[in-house]
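Please read the structure below before turning to the comments.
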Amino acid sequence: MKIVGINTSPRDNSNARIALQKALETAETKGAEITLFDSNKMNITACQGDNYCKAHEGKCAIDDDMTQIYKAIEECDALIFAIPVYFFDVNAQMKLVLDRLYSYFQFPFVETYGKKKVSFIITQGTPDPDAFRQTLEVQFKAFEFLGFELADLVVLVDNNVPGVIEGKEDQLELAANVGANLVE
Ligand SMILES: Cc1cc2nc3c(=O)[nH]c(=O)nc-3n(C[C@H](O)[C@H](O)[C@H](O)COP(=O)(O)O)c2cc1C
Numbered sequence: 001m002k003i004v005g006i007n008t009s010p011r012d013n014s015n016a017r018i019a020l021q022k023a024l025e026t027a028e029t030k031g032a033e034i035t036l037f038d039s040n041k042m043n044i045t046a047c048q049g050d051n052y053c054k055a056h057e058g059k060c061a062i063d064d065d066m067t068q069i070y071k072a073i074e075e076c077d078a079l080i081f082a083i084p085v086y087f088f089d090v091n092a093q094m095k096l097v098l099d100r101l102y103s104y105f106q107f108p109f110v111e112t113y114g115k116k117k118v119s120f121i122i123t124q125g126t127p128d129p130d131a132f133r134q135t136l137e138v139q140f141k142a143f144e145f146l147g148f149e150l151a152d153l154v155v156l157v158d159n160n161v162p163g164v165i166e167g168k169e170d171q172l173e174l175a176a177n178v179g180a181n182l183v184e
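For the sequence shown, position 59 (counting from the first letter as 1) is numbered 59 according to the numbering used here, and the numbering increases by one without interruption.
Okay, structure coming up:
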């Protein structure tokens, strides 16, 4: 099985990325083939809302690095996003990718590429894991709308300091479980 991880944090030593790596490594030890994208390092243009995709079998008109992500998604069995909370919501880098997935809306995605699972690993500064859950679940549900099966949404709190998650066994275990659940 193929699992694609997409880290949307721009930071060096990103906690979201560390958690994602843990999830992917765990899945790999269970036999998964893994790929990791750092979306902030890629040239990803915002959706232009031209509806080109609606007349071109779900293909976007923009020729940028998103083509690598489209291909990986189409070929994968499961997807994990690692996302920091910025101003009570997913960060803008995540929204860029999500909006570009609009090309799959009203396209027979499941019939064409198969049913895929998706999980979210969220990192945030606030210690309350439920502080932004309602908003984060709305973004998660967008994938159900596109035909994905929703797997895990985990919120890893108190992670303002880059790399601080390295010392948090409980949070790394939650991240590992995200990877394991996709394989089992
Ligand atoms: C622009 C910006 C806005 C943020 N807004 C929030 C917020 O609304 N709530 C929160 O809990 N943390 C907020 N944070 C903190 C990050 O969510 C937190 O540091 C997170 O763990 C960063 O993940 P990373 O280490 O993977 O980059 C914000 C950070 C930035 C840079």
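C-beta atoms are modelled at their ideal positions from N, C-alpha and C, and glycine is treated no differently.
Boundaries (first-last residue) of the alpha helix (DSSP H) holding residue i
i    : result
E74  : M66 to E75
E173 : E169 to V183
F109 : F109 to Y113
L20  : N15 to T29
C47  : Unbroken run through C47: none, as it is neither H nor E.
A55  : Y52 to A55
Residues near residue i in its chain [Cβ-Cβ closer than 7 Å; skip 5 each side]
i    : result
E75  : K2
K54  : Q106
Q139 : V90 and L98
Proximity test, residue i beta-carbon vs ligand 1 heavy atom, cut-off 8 Å
i    : result
V118 : no
A82  : yes
R133 : no
V178 : no
F37  : no
G5   : no
A16  : yes
Q139 : no
V186 : The requested residue 186 does not occur in the structure, where the chain is confined to residues 1 to 184.
Q21  : no
Per DSSP, cross-strand counterpart(s) of residue i
i    : result
G5   : L36 and I80
F120 : F81 and L153
D89  : Y86
Residue i (DSSP reduced to helix, strand or coil)
i    : result
T135 : helix
R100 : helix
K141 : helix
V161 : coil
L59  : Inspection of the sequence shows that residue 59 is occupied by Lys rather than by Leu. If DSSP states are grouped into helix, strand and coil, K59 belongs with coil.
Neighbourhood of residue i by C-beta distance below 6 Å, restricted to the same chain and skipping five residues each side
i    : result
G163 : N13
F81  : I6 and F120
A72  : V4 and T35
Contacts around residue i, its chain only, beta-carbon distance under 8 Å, and the 5 residues preceding and following it disregarded
i    : result
K115 : G147, F148 and E149
D128 : V157
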